[in-house]
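Same order as they appear, the protein sequences are chains A and B.
No gaps in the numbering here: position 13 of the first sequence is 13 in the working numbering, and each next residue is one more.
No gaps in the numbering here: position 178 of the second sequence is 1178 in the working numbering, and each next residue is one more.
The C-beta atom is built at its ideal place from N, Cα and C for all residues, glycine as well.
Structure, as structure tokens:
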Amino acid sequence: MADPMKIRAQMKGDTADIRVLMSHAMETGQRKDNAGNTVPAHYIQSITIDVGGKRVIQGQTGTSVSRNPVFGFRVKGAKAGDKVVIHWEDNKGDKRTDETTVAG
Amino acid sequence: MQQRLSMLVAAAALTAAFAVQAQQPPKKAPPPAKAAAPAKSAISEEFEKFREVLEEDNPAELFEARGEDIWKNKKGPDGASMAQCDLGLGAGVVKGAYVRMPRWFADVGKVMDAERRVVHCMVKYLGYKEEDIRKQPFSNVNKTPDHVSVITYVAGQSRNMKIAVPQKHPQERAAYEIGKEIFAYRAGPYDFACATCHGNDDMRIRTQDLPNLRKPDQAIRAYQGWPGYRMTGGFMLTQQWRMNDCFRQQRFPEPTYLSDTITALLTYMTVTANGQLYKGPGIKR
């Protein structure tokens, strides 16, 4: 199973600053290993973020995103204590959900 | 004849000077005349800014988390865990241990640096095989080995602490002296020593400013940021790797993993940096 994410969510004025670090190989499918074989593509292809029970982001990502990517979002109207749920799925069907609460 | 030769040399020198100038960015200020001023070049200042932004969300944290999981949850074949590992502050104590190594360990009768001690414990308690670890001691794009994650975790537990490497035991002092000697030892096809690049102020390799490791405020710059997350490839590299790579760059034979040589060099460097603040695992281009 995939390693856990690191999520930070902090209120800054009236917006929540959410940053998430994901542990993922993000193979493009273009790289070759030492033996010359193509390393198969393996990447996160969808991300969803719910803040306070409301879906705020539903995104699609591809092979141009780096290994172990960092995503940052600013969400208006969130409040301290809101639950942040982040979910990703990759092209091989692996998935991971982690959550935290927005800090004041 | 001699005059012609000297003119030729002068012309060559001029061309060389011109070429150097052409390579530099247009608005660069002239280099400071006195070496004492720690003025940084515009390029390295930009890299500093870049690094600061990236340090906020350093993927090294992911490896810290993985290392923590191994440290806390993994069990060896006979049920032992890293809770029995003494990093110098007592069994299982991780907080602040990283900035207090290399140090003397009576149970093995050796001075060990942090990385060596962690590997020692993983072999002793978790049943890792030393020959397996030696097969791939350092990370590459395909794999960051478990012991590297554990070292990253241990280093993270000394974040924002001052370096305080002990020099009480005679062997600790001996390691420092040996390290100092290796640092200044010139050899190899280039007749290089560590001191060739790291023994003076204001040296650099390409755009990389090099610290003078004889001075505390600069030795910390070599200590800082390791273990580091290398963005190119996305894996963790350790102090031992950095040291080995310095040997490679000098065209020296590279020391075997976890050798006394590296421990001695790390002792010399870290003792020199004693009292300076360690900011935790870093991020590298």
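Shown here, N37(A) sits in coil according to DSSP, grouped into three states, outside any helix or strand. A distance below 8 angstroms between beta-carbons, with the five flanking residues on each side excluded, links V1123(B) to the following residues of its chain, in chain order: K1129, E1130 and I1133. With a contact defined as Cβ atoms closer than 8 angstroms, L1258(B) and F1183(B) miss out at about 19 angstroms. Assignment of K83(A) by DSSP, reduced to helix, strand and coil, places it in the strand class.
N68(A) reaches chain B at P1059, L1062 and G1234, counting residues in chain order whose Cβ is nearer than 7 angstroms. Cβ-Cβ separation between T61(A) and I86(A): approximately 13 angstroms, too far for a contact (criterion under 8 angstroms). In the assembly as shown, E1056(B) is an exposed residue. Its beta-carbon has fewer than 16 other beta-carbons within 10 Å. Distance between E1046(B) and K1284(B), taken at the CA atoms: about 14 angstroms. Around the C-beta of N1160(B), fewer than 16 other C-beta atoms lie within 10 Å, and the residue is accordingly described as exposed. Not a single CB atom of chain B sits nearer than 7 angstroms to the CB of S64(A). Chain B places no beta carbon closer than 7 angstroms to that of S46(A), leaving this residue out of the contacts. Shown in chain order are the members of the stretch 16-49 of chain A whose Cβ falls below 9 angstroms from a Cβ of chain B: R19, V20, L21, M22, S23, A25, M26, R31, D33, N34 and V39.
Within the same chain, and ignoring the five residues on either side of A2(A) in sequence, the residues whose Cβ sits closer than 6 angstroms to its Cβ are D94 and R96.
Contact between the stretch 64-78 of chain A and the stretch 15-23 of chain A is present, with at least three C-beta pairs closer than 8 angstroms. Ranked by Cα distance from L1210(B), the options D1201(B), D1217(B) and P1216(B) are led by D1201(B).
Contact annotation, M11(A) with G104(A): C-beta distance approximately 6 angstroms; criterion of less than 8 angstroms satisfied. In its chain, beyond the 5 residues on either side, T38 and V39 have a beta carbon closer than 8 angstroms to the beta carbon of K32(A). Annotation note: the stretch 1166-1207 of chain B contains the following uninterrupted beta strand (DSSP E) runs of length 3 or greater, listed N- to C-terminal: 1203-1205. Per the C-alpha coordinates, the member of A1083(B), M1082(B), N1274(B) and I1262(B) positioned closest to R1116(B) is I1262(B).
In the same chain as L1126(B), and ignoring 5 residues on each side of it, the C-beta atoms closer than 6 angstroms to its own belong to K1074 and G1076, in chain order. Under DSSP, M1236(B) shares a beta bridge with Y1229(B).
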